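Asks: Residue numbers (our numbering), protein chains in the order written: chain A, 600 to 715; chain B, 47 to 154.
Glycine residues also receive a C-beta, built at the ideal position from the N, C-alpha and C atoms.
Since this is a predicted model, take the numbers as computed values, not measurements.
Let me begin by handing over the structure; questions about it come next.
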Amino acid sequence: GAVVSQHPSRVICKSGTSVKIECRSLDFQATTMFWYRQFPKQSLMLMATSNEGSKATYEQGVEKDKFLINHASLTLSTLTVTSAHPEDSSFYICSAPPGSGTETQYFGPGTRLLVL
Amino acid sequence: DAKTTQPPSMDCAEGRAANLPCNHSTISGNEYVYWYRQIHSQGPQYIIHGLKNNETNEMASLIITEDRKSSTLILPHATLRDTAVYYCIARPDTPLVFGKGTRLSVIA
Numbered sequence: 600g601a602v603v604s605q606h607p608s609r610v611i612c613k614s615g616t617s618v619k620i621e622c623r624s625l626d627f628q629a630t631t632m633f634w635y636r637q638f639p640k641q642s643l644m645l646m647a648t649s650n651e652g653s654k655a656t657y658e659q660g661v662e663k664d665k666f667l668i669n670h671a672s673l674t675l676s677t678l679t680v681t682s683a684h685p686e687d688s689s690f691y692i693c694s695a696p697p698g699s700g701t702e703t704q705y706f707g708p709g710t711r712l713l714v715l
Numbered sequence: 047d048a049k050t051t052q053p054p055s056m057d058c059a060e061g062r063a064a065n066l067p068c069n070h071s072t073i074s075g076n077e078y079v080y081w082y083r084q085i086h087s088q089g090p091q092y093i094i095h096g097l098k099n100n101e102t103n104e105m106a107s108l109i110i111t112e113d114r115k116s117s118t119l120i121l122p123h124a125t126l127r128d129t130a131v132y133y134c135i136a137r138p139d140t141p142l143v144f145g146k147g148t149r150l151s152v153i154a
């Protein structure tokens, strides 16, 4: 099946710094990618939709100036957590559908962010 | 999106079939039923999806009732590696929206 990778898998940073997470589709092109966040013992929450060549669309309650998304190519989307705070510590997961319409989504392995 | 209801947890003996139910009584005609699972600290893994007909692949079988108001995911021979949270999602298209799922524990 289609493969989605993320980098890094784990990151620890100091409060106030910015962290960039990369999401790559390895064997297919993705005009759209999705970013999710998962807090401990909770389900995945959709944060935003990343669109190649245009602005990302954010879910209600997600600050677009804090979570910067750049979809620079058909295989790469990046999420930058700016001015990170301890409450941003979470498991961030990206996903991409290999096609349009009713195709399934393939998920990356996730990035665990810990902000000290 | 159709709301789905799943039991919060289930146990299954290793080697036995695991039958995970999902209620989606408000599903619309264009909404597919998707099943994903998430093993601890990993990204969700696609299992199977269907619209009206029953489906089977190398991982599982999906049985959808004729009125489409509920479905059952069947893992025919559960192993310890199948221990995970299983999510049932009814959605016409991406992106998928996750509920709380069922935590399946496969017991030796």
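1. Could you check whether A:Ser642 and A:Thr631 sit closer than 9 Å to each other, using their CB atoms as the reference points?
2. Measuring CA to CA, which of B:Leu119, B:Gly89, B:Glu112 is closest to B:Asn103?
3. Please identify, using Cβ separations under 9 Å, the residues of the region 633-644 of chain A that lie next to chain B, in order along the chain.
4. Starting from B:Asp57, follow the beta strand (DSSP E) in both directions and report where the run begins and ends.
5. Select from A:Ser617, A:Tyr635, A:Gly652 the residue whose C-alpha is nearest the C-alpha of A:Ser689.
6. Sorted by chain position, which residues of the same chain lie with C-beta nearer than 7 Å to B:Thr72's C-beta, five sequence neighbours on each side aside?
7. For the beta strand (DSSP E) holding B:Asn65, just list the boundary residues, first then last.
8. Can you pull the chain B neighbours of A:Tyr691, defined as C-beta to C-beta under 9 Å?
9. Name the residue from A:Gln637, A:Arg609, A:Phe638, A:Thr677 whose alpha carbon lies nearest to the alpha carbon of A:Arg623.
10. Counting only the same chain and skipping the five closest in sequence on each side, list residues whose C-beta sits under 6 Å from that of B:Pro138.
11. Only counting the same chain, and skipping five residues up and downstream in sequence, which positions put a Cβ closer than 8 Å to that of A:Gln628?
12. Using a cut-off of 8 Å between C-beta atoms, extract the partners of B:Tyr132 located in chain A.
Replies: In terms of the structure at hand:
1. If you number the first sequence from 1, residue 631 of chain A lands on position 32. If you number the first sequence from 1, residue 642 of chain A lands on position 43. No, Cβ-Cβ distance for A:Thr631 and A:Ser642 is not below 9 Å.
2. In the second sequence, the residue the question calls residue 103 of chain B occupies position 57. For the residues B:Leu119, B:Gly89, B:Glu112, the minimum Cα distance to B:Asn103 belongs to B:Leu119.
3. Phe633, Tyr635, Gln637, Gln641, Ser642, Leu643, Met644
4. Working through the second sequence from its first residue, we reach residue 57 of chain B at position 11. Judged by DSSP secondary structure, B:Asp57 falls within the beta strand (DSSP E) whose first and last residues are 55-59.
5. Within the first sequence, numbered from 1, the residue matching residue 689 of chain A stands at position 90. Checking every option, the nearest Cα to that of A:Ser689 belongs to A:Tyr635.
6. Here residue 72 of chain B refers to the residue found at position 26 of the second sequence. If we look at B:Thr72 and ignore the five residues flanking it on each side, its Cβ neighbours are Ala48, Lys49.
7. Mapped onto the second sequence, residue 65 of chain B falls at position 19. 64-69 is the span of the beta strand (DSSP E), which, as asked, contains B:Asn65.
8. Residue 691 of chain A sits at position 92 when you count from the first residue of the first sequence. Those do not exist, as A:Tyr691 stays about 10 Å from chain B at its closest Cβ, beyond 9 Å.
9. Within the first sequence, residue 623 of chain A is the residue found at index 24, counting from 1. Considering only alpha carbons, the answer is A:Thr677.
10. Residue mapping note: residue 138 of chain B aligns to position 92 of the second sequence, counting from 1. Only Asn76, Glu77 meet the Cβ criterion.
11. Start at 1 with the first residue of the first sequence, and residue 628 of chain A comes out as number 29. The residues are Leu673, Thr674.
12. For the purposes of this step, residue 132 of chain B is identified with residue 86 of the second sequence, where counting begins at 1. Those do not exist, as B:Tyr132 stays about 12 Å from chain A at its closest Cβ, beyond 8 Å.
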